[in-house]
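Have a look at the structure below before the remarks.
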Amino acid sequence: MFETLILILDATLRVSTPLILAALAGLFSERSGIVDIGLEGKMLAGAFAAAAAAAVFGSAWIGLLFAIAASVSLALIHGFACITHRGDHIVSGVAINTIVAGLTITLGLDWFDQGGQTPSLTGDARFTPIVFPLADQLADVPVIGLIYSELLSGHNILVYLAFAMVPLTYWVVFKTRFGLRLRAVGENPHAVDTAGISVALIRYRAVIICGVLCGIAGAYLSTAHNAGFLKDMSAGKGYMALAALIFGKWRPVPVLFACLLFGFLDAVAVRLQGVSLPGIGEVPVQAIEVLPYVLTVLLLAGFIGKAVGPKAIGKPYVKERA
Amino acid sequence: MSQAKVPAWVSVGLIPLMNILLAFFVSGLVFLAIGEDPIEAAGYLIYGAFGYDEGIGYTLYYATNLIFTGLAVSIAFKAGLFNIGGEGQAYIGGLGVGLLCLWFDSSLPLLVIAPLAIIGGALFGAAWAYIPAYLQARRGSHIVITTIMFNFIASSLMVYLMVNWLKEEGVMSPISRTFEESAWLPYMHDVFAPFGLDIGDSPLNLAFVLALFCCVFYWALVWHTRWGYQLRTVGTNPTAAQYAGIDNAKVTIWVMLISGGFAGLVGVNEIMGVNHNLLLNFTAGYGFAGIAVALMGRNHPIGIILAAILFGALYQGGAELAFEIPTITPEIVVVIQGLVILFSGALENMFKGKIEGLFLRRAVA
Numbered sequence: 000m001f002e003t004l005i006l007i008l009d010a011t012l013r014v015s016t017p018l019i020l021a022a023l024a025g026l027f028s029e030r031s032g033i034v035d036i037g038l039e040g041k042m043l044a045g046a047f048a049a050a051a052a053a054a055v056f057g058s059a060w061i062g063l064l065f066a067i068a069a070s071v072s073l074a075l076i077h078g079f080a081c082i083t084h085r086g087d088h089i090v091s092g093v094a095i096n097t098i099v100a101g102l103t104i105t106l107g108l109d110w111f112d113q114g115g116q117t118p119s120l121t122g123d124a125r126f127t128p129i130v131f132p133l134a135d136q137l138a139d140v141p142v143i144g145l146i147y148s149e150l151l152s153g154h155n156i157l158v159y160l161a162f163a164m165v166p167l168t169y170w171v172v173f174k175t176r177f178g179l180r181l182r183a184v185g186e187n188p189h190a191v192d193t194a195g196i197s198v199a200l201i202r203y204r205a206v207i208i209c210g211v212l213c214g215i216a217g218a219y220l221s222t223a224h225n226a227g228f229l230k231d232m233s234a235g236k237g238y239m240a241l242a243a244l245i246f247g248k249w250r251p252v253p254v255l256f257a258c259l260l261f262g263f264l265d266a267v268a269v270r271l272q273g274v275s276l277p278g279i280g281e282v283p284v285q286a287i288e289v290l291p292y293v294l295t296v297l298l299l300a301g302f303i304g305k306a307v308g309p310k311a312i313g314k315p316y317v318k319e320r321a
Numbered sequence: 000m001s002q003a004k005v006p007a008w009v010s011v012g013l014i015p016l017m018n019i020l021l022a023f024f025v026s027g028l029v030f031l032a033i034g035e036d037p038i039e040a041a042g043y044l045i046y047g048a049f050g051y052d053e054g055i056g057y058t059l060y061y062a063t064n065l066i067f068t069g070l071a072v073s074i075a076f077k078a079g080l081f082n083i084g085g086e087g088q089a090y091i092g093g094l095g096v097g098l099l100c101l102w103f104d105s106s107l108p109l110l111v112i113a114p115l116a117i118i119g120g121a122l123f124g125a126a127w128a129y130i131p132a133y134l135q136a137r138r139g140s141h142i143v144i145t146t147i148m149f150n151f152i153a154s155s156l157m158v159y160l161m162v163n164w165l166k167e168e169g170v171m172s173p174i175s176r177t178f179e180e181s182a183w184l185p186y187m188h189d190v191f192a193p194f195g196l197d198i199g200d201s202p203l204n205l206a207f208v209l210a211l212f213c214c215v216f217y218w219a220l221v222w223h224t225r226w227g228y229q230l231r232t233v234g235t236n237p238t239a240a241q242y243a244g245i246d247n248a249k250v251t252i253w254v255m256l257i258s259g260g261f262a263g264l265v266g267v268n269e270i271m272g273v274n275h276n277l278l279l280n281f282t283a284g285y286g287f288a289g290i291a292v293a294l295m296g297r298n299h300p301i302g303i304i305l306a307a308i309l310f311g312a313l314y315q316g317g318a319e320l321a322f323e324i325p326t327i328t329p330e331i332v333v334v335i336q337g338l339v340i341l342f343s344g345a346l347e348n349m350f351k352g353k354i355e356g357l358f359l360r361r362a363v364a
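Those protein sequences? They're chains S and X, same order as listed.
Each step along the first sequence adds one to the number in numbering that gives the first Met the number 0, with nothing skipped, and position 307 is 306.
Each step along the second sequence adds one to the number in numbering that gives the first Met the number 0, with nothing skipped, and position 207 is 206.
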């Protein structure tokens, strides 16, 4: 029983990682007032770029760089449309998701000739598990041994990075000058402008950070969690990250817990497939799968707490002229 | 800068055209990037879509779905709402159509089943749009997020229903039994055959006529009824609408019901017209493509029909293209679709200021 729990939690960490990275990416963007439903597309582009570059250069780290580059360029397109040309944030996000969904397959087929996939990655082309010191020796110690060797040890670097990003994001957003301006731009851009700070520049920085994090999330999917790129491999994770961002009310630590909850549900759903629970009977997997979305809808409806986003979110900023 | 001074042909003709040409130009660059000649590819595409009877039939069959989803997205736009949930509403609409056909196919004639299924599809689609609409209107939750969530909920619900309840006995894949022929919407080629007209076999069916009828309905509703005026007022200026005594929340809910109803009719074309059974994933992205159609069609039924035919041609031509040049996938059409959304949607203001400025200066001089 205890071992099963540890295994489920272990899976939770692995499934939550891309959610955490993408949700924090969305946090930077949305806190600055830029709605981003393009998390999905940026993640998918990152996954493809990482797998493609890792396959060609044989290094996961080079893959990661390419993933970040691809994702940031999409973020800049989003910024160009929403910040510079005051376009609709949602339309721009949909455009990015659509373009990436088609382009990854088109380019994949042309470059690798494997029906849109990239060659499967081995060795240095993937991020491999990091085993903590003494993990094997301590595995037999009751309770703590299993937690240390199974749950905490043995993940790849990107998992630890994702968790480290949470306090870092908290610090940047709430304890630095940039963070103060970022939040101000999302709440009241006029005030920021009056203080002589460029609204556009702050927002561009926010979408670039968003791009970097989405790129890492994508690289995790294709070069750490899996061994190569598959068609549509982000499979709605970007939207789920968006849900987690709302569920965590645009705050880093609650967002982390929302991601862990959604990841946990995912891990449980896999385990419960075809298992009959005492007293309840067989729970359909789909019922657990939809829980994150249902919970988010309920939250948004104000039935479990209230989610209020940044005030100026989705509105283009027009500098006043006489 | 007042809109009135800019000639109408500039704002409804020239600027949208430039945006679309730019989208096609960038699409051409994508073809060049994968080492194909964009002109040659366009040739295959156009021939595949319009070059022969069956091709035209397929183009119009795809266009039928796109008209439904395009109208759905567009009418919500009119009220300033972004219904990104067309995919889920079409899915559930198809479920409604399928259930009615499964229940009545052996007991009722087509003339009764067809209207029932059309109403059923629209009602199911509308019901799926109702909850997000209610939450937006009464509880202030953002409709974009809720409709996205409802797309996922719809897809899980369908998997559950198909696998556990509606699957035909003794079949591995999750599809229902095939309907009796009395619940098949007639194909266009069968309709024309008695008149001695041979238009080639294609999935094009009477749902296309329904789609055209919906366009007329949309036009009359939006521009020629009192409610349509309320709708447009809410979309252009919600505060003014409220001042004028219009119940914004009520308009929001009703427009989403109609929007969901349009999307639900995709099920009539797909389930009743072509597949003749219930299956998974028949919506195949039409809900999202509807966004491109609505944007490109400038939220007018005529524009939507033209844009739907253009995208239908891309779908059909894309399949032909992938057949002629195996190194190209049909997914390249999705890229073109995305670029159209980007340039004629998100970046629609890119040229606007400059071109309008040009005409305004000339008008002043």
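Every residue gets a Cβ at the ideal spot worked out from N, C-alpha and C, and that includes glycine.
None of these values were measured; they are calculated from a predicted model.
Asked, Found
"Suppose the cutoff is 6 Å on Cβ atoms and the five residues either side in sequence are ignored; what does the same chain contact list for S/Val296 look like?", "none"
"Could you please give me the residues that DSSP links to X/Gly260 through a beta bridge?", "The partner list for X/Gly260 (beta bridge, DSSP) is empty, contrary to what the question assumes."
"By Cβ distance, which residues of its chain are closer than 6 Å to X/Thr282, with the 5 residues on each side in sequence left out?", "Glu86, Ala89, Tyr90"
"Going by other Cβ atoms of all chains shown within 10 Å of its Cβ, with 16 needed for buried, is X/Tyr242 buried or exposed?", "exposed"
"I need the DSSP call for S/Tyr316, collapsed to helix, strand or coil.", "coil"
"Is it the case that the Cβ atoms of S/Thr105 and X/Glu330 are separated by a distance below 8 Å?", "yes"
"Using a beta-carbon distance cut-off of less than 8 Å, what residues from the region 16 to 39 of chain X approach chain S?", "Val29, Ala32, Ile33, Gly34"
"Since I believe S/Gly237 is in contact with S/Leu38 (beta carbons under 8 Å), could you give me their beta-carbon distance rounded to a whole number of angstroms?", "4 Å"
"Against chain S, does X/Ser140 count as a neighbour if the rule is that its beta carbon must be under 8 Å from one of theirs?", "yes"
"Cβ closer than 8 Å: which chain S residues qualify as neighbours of X/Ser73?", "Correct list: empty, because the minimum Cβ distance to chain S is about 13 Å."
"From the DSSP output, in three-state form, read off X/Glu179 for me.", "coil"
"Any heavy atom of the ligand GTP inside 7 Å of the beta-carbon of S/Asp109?", "Although the ligand GTP was asked about, the structure shown includes no ligands whatsoever."
"Hey, would you say X/Leu277 sits closer than 8 Å to X/Ile174, going by beta carbons?", "yes"
"Quick one: grab the DSSP three-state call for S/Gly280.", "strand"
"Please report the straight-line C-alpha distance between X/Pro237 and X/Val221, rounded to a whole angstrom.", "17 Å"
"Answer with yes or no whether the minimum CB distance from S/Pro283 to chain X is below 8 Å.", "yes"
"Taking Cβ-Cβ distances shorter than 7 Å, what residues in chain X pair up with S/Gly115?", "Thr328"
"How about S/Tyr292: is its C-beta nearer than 8 Å to some C-beta of chain X?", "yes"
"Does any C-beta atom of chain X lie closer than 8 Å to the C-beta of S/Ile82?", "no"
"Identify the contact partners of S/Ser91 in chain X, using a Cβ-Cβ distance below 9 Å as the criterion.", "Ile340, Leu341, Gly344, Ala345, Leu346"
"Thinking C-alpha only, which one of X/Gly84, X/Val170, X/Ala75, X/Ala22 is nearest X/Gly227?", "X/Ala75"
"Got a sec? Which residues, its chain only, sit under 6 Å from X/Gln2 by beta carbon, not counting five neighbours each side?", "At X/Gln2, the pLDDT of 46 sits below 50, so the modelled position is not reliable; the number obtained from the coordinates is stated separately. Within the same chain, X/Gln2 has no close Cβ partners at all."
"So what does DSSP say about S/Ile98, is it helix, strand or coil?", "helix"
"Output the boundary residues of the alpha helix (DSSP H) element that contains S/Gln116.", "No alpha helix (DSSP H) holds S/Gln116; DSSP gives it neither H nor E."
"Taking 8 Å as the threshold (C-beta atoms), are X/Gly84 and X/Ala147 in contact?", "Looking at the sequence itself, residue 147 of chain X is Ile, so the reference to Ala does not match. Yes. Within cutoff."
"Could you pull out every unbroken alpha helix (DSSP H) segment of at least 4 residues lying fully inside the region 193 to 220 of chain S, listed in chain order?", "198 to 218"
"Return the residues of the region 227 to 246 of chain S that lie within a Cβ-Cβ distance of less than 9 Å from chain X, sorted by chain order.", "Lys230, Gly235, Tyr238, Met239, Leu241, Ala242, Ile245"
"Look at S/Gly153 and S/Val130 and say whether their C-beta atoms are less than 8 Å apart.", "yes"
"List in chain order: all unbroken alpha helix (DSSP H) runs of 4+ residues lying wholly within the region 267 to 303 of chain X.", "285 to 295"
"Compare the beta carbon distance of S/Gly235 and X/Val333 with 8 Å and say whether it is the shorter of the two.", "no"
"Quick check on S/Ile143: buried or exposed, where buried means 16 or more other Cβ atoms within 10 Å of its Cβ?", "exposed"
"By how many angstroms is the C-alpha of X/Gly50 removed from the C-alpha of S/Gly107?", "30 Å"
"Report the partner residues of S/Ile356 according to the DSSP bridge assignment.", "Since the first residue of chain S shown is 0 and the last is 321, residue 356 of chain S is not available in this structure."
"Of all Cβ atoms in chain X, is any one closer than 8 Å to the Cβ of S/Glu288?", "yes"
"Indicate whether the contact test is met: 3 or more Cβ pairs, each with one atom in the region 62 to 79 of chain X and one in the region 241 to 260 of chain X, closer than 8 Å.", "yes"
"Using a Cβ-Cβ cut-off of 8 Å, state whether X/Phe287 counts as contacting chain S.", "yes"
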